[in-house]
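Heads up: the sequence shown at position 179 corresponds to 457 in the working numbering, and the numbers run straight through without jumps. Note that the Cβ used here is the ideal one computed from N, Cα and C, for glycine as well. Right, one structure below, let's go through it.
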Amino acid sequence: MTSRSALRGYLLVFGAVLFWGGSASLAKHLLAARNYDTVTLVQMRATFSFLMFALYFLLRDRSVFRFERQDLWRLVLIGVIGMAATNFTYYYTFNASTIATAILVQYTAPVLVMIYMVAVRKEESLTVQKSLSLLLALVGCFLAVSGGDVGAIQLRGWTIVSGIGSSLGYAYMLVGSKELLKKYSVWTMLTYAFGFATLFWLVVNPPWVIAEYHYRIDDWALFWFFAMVSILIPHTMFMASLKLLEASTAGIASTLEPVVAIVVAYLALGEALNGVQLVGAVAVVTAVLLLQLKSYRRSRMLVRTDGE
């Protein structure tokens, strides 16, 4: 992997976290001010994204729908576990506990991914630089979203299950997506991931249940807009980054999301932003820069080897 490819991968992750972090404040507004049902909000993200992809590729490029039969179960699991279950458990924790709790627990996923890819799959190497980046990212996340207040982490009751579930689901999405992207395009993987997530939600929350909420045209417009900015655009960018970066590296880089989230919440919602949170933000940014430095050094070594 060249330094240019790595840089492109990091830029794609950064683009994804800008949308993810910004949509966190929008989700908070929709759940509180509009009193939307959490399940329905998560369901509409996947459903509208699938409809947009399916319609576009039916008209423009039907080869996107081709896949090998033996990979069907992988595509189903990415949609059901990596997308539907991960999104729901994250938003459930987000709504039933605190934003800090939801973010911090989910972003333990890069630790799980690193352990799995290094110890089990043996596809990645454990370096001091990557380990330091992971540690900086985790500490930075904690400081950024909690302000250093341990009391902000409130895991109890069902949020213990949902919090751990969101971390495991996100870790699976990173590893499973990376594996599928070795064979399929981003478009094929996402179309089926959105599609199977949509089918899953149709069983859990069928149309006649949604009809009871009597949503208006402006509600459906908001659902569509939320789907575009919170999942369709950022997931497309993030999956593209997985083609260029290691799974654990992309996971660590994605910890920039809470940094974006607190800045947007400060600017858009007037939420507090203190010095401790800024220190956390700097720590996360430093972690990502360390990763980029690692990629740059590796590419330089490859260039020297080729030159010899």
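By DSSP, does residue i sit in helix, in strand, or in coil?
i       : result
Gly-418 : helix
Pro-484 : coil
Glu-586 : Here Glu-586 scores only 48 on pLDDT, less than 50, and its place in the model should not be relied on; the value that follows carries that caveat. Glu-586 falls in the coil class under three-state DSSP.
Phe-345 : coil
Ile-530 : helix
Asn-552 : coil
Met-579 : Any reading at Met-579 must be qualified, since the residue scores a pLDDT of 46, below 50, and its modelled position is unreliable; the value itself is stated next. Met-579 falls in the helix class under three-state DSSP.
Arg-352 : helix
Lys-400 : coil
His-492 : coil
Leu-522 : coil
Ser-409 : helix
Tyr-462 : coil
Leu-569 : helix
Ala-311 : coil
Gly-473 : helix
Leu-433 : coil
Gly-426 : coil
Measure the beta-carbon distance from residue i to residue j and round it to whole angstroms, keeping in mind my assumption that it falls under 8 Å.
i       : j       : result
Cys-263 : Tyr-385 : With the chain represented from 279 up to 586, any question about residue 263 goes unanswered, as that position is not in the structure.
Thr-364 : Ser-444 : 6 Å
Val-537 : Ala-505 : With a Cβ gap of about 24 Å, Val-537 and Ala-505 do not count as contacting.
Val-295 : Glu-535 : 4 Å
Ile-540 : Ala-565 : No, Ile-540 and Ala-565 are not in contact; Cβ-Cβ is about 16 Å, not under 8 Å.
Val-563 : Leu-421 : Not really, about 12 Å apart at Cβ, beyond 8 Å.
Met-392 : Ser-519 : Contact doesn't hold; Cβ gap of about 17 Å is too wide.
Phe-501 : Phe-326 : 6 Å
Thr-379 : Ile-438 : At roughly 10 Å, the Cβ-Cβ gap does not stay under 8 Å, so Thr-379 and Ile-438 are not in contact.
Leu-459 : Met-517 : 7 Å
Leu-412 : Val-389 : 7 Å
Thr-318 : Ile-488 : 6 Å
Ala-387 : Ala-362 : With a Cβ gap of about 16 Å, Ala-387 and Ala-362 do not count as contacting.
Between the options, which lies nearest to residue i when the distance is taken from Cα to Cα?
i       : options                               : result
Glu-549 : Ile-377, Phe-501, Thr-527 and Val-562 : Ile-377
Tyr-358 : Leu-556, Val-482, Leu-500 and Glu-524 : Per the sequence shown, the amino acid found at residue 358 is Val instead of Tyr. The option with the nearest alpha carbon to Val-358 is Val-482.
Leu-510 : Leu-329, Gly-553 and Glu-490          : Leu-329
Asp-496 : Tyr-314, Ala-374 and Gly-287          : Tyr-314
Val-383 : Gly-441, Leu-459, His-307 and Tyr-544 : Gly-441
Leu-289 : Leu-523, Asn-552, Leu-350 and Ser-301 : Leu-523
Ala-546 : Ala-302, Ser-283, Ala-284 and Gly-293 : Ala-302
Phe-297 : Ser-508, Ala-397, Phe-503 and Leu-567 : Ser-508
Leu-414 : Ser-532, Tyr-544, Arg-286 and Ala-284 : Ser-532
Leu-353 : Val-464, Ala-528 and Leu-446          : Val-464
Ala-312 : Tyr-493, Leu-569 and Leu-567          : Here residue 312 is Arg; the residue named in the question, Ala, does not match the sequence. Of the candidates Tyr-493, Leu-569 and Leu-567, the one whose C-alpha sits nearest the C-alpha of Arg-312 is Tyr-493.
Tyr-334 : Val-554, Ala-499 and Thr-466          : Thr-466
Val-320 : Leu-304, Arg-399, Phe-366 and Arg-340 : Phe-366
Ala-374 : Arg-340, Met-322 and Ala-310          : Ala-310
Thr-381 : Pro-512, Ser-424 and Gly-429          : The question names Thr, yet the displayed sequence has Ile at residue 381. It is Ser-424.
Arg-347 : His-307, Leu-551, Leu-308 and Lys-461 : Lys-461
Phe-474 : Trp-351, Leu-337 and Arg-344          : Trp-351
If you follow the alpha helix (DSSP H) that residue i is part of, which residue opens it and which one closes it?
i       : result
Asn-365 : 364-374
Arg-438 : The sequence shown places Ile at residue 438, not Arg. Unbroken alpha helix (DSSP H) run through Ile-438: 436-458.
Ala-380 : 377-384
Thr-316 : 316-338
Ile-359 : Premise fails: Ile-359 is in no alpha helix (DSSP H) and is neither H nor E.
Ile-509 : No alpha helix (DSSP H) contains Ile-509, which DSSP labels as neither H nor E.
Ala-387 : 387-393
Spell out whether any CB of chain B is found under 9 Å from the CB atom of residue i.
i       : result
Thr-564 : Protein chain content of the structure displayed is limited to a single chain, and chain B is not contained in it.
- [ ] Return the chain-ordered ranges of every alpha helix (DSSP H) run that is complete within the stretch 279-303 and spans a minimum of 4 residues.
- [x] With a minimum length of 4 residues, no continuous alpha helix (DSSP H) run stays inside the stretch 279-303.
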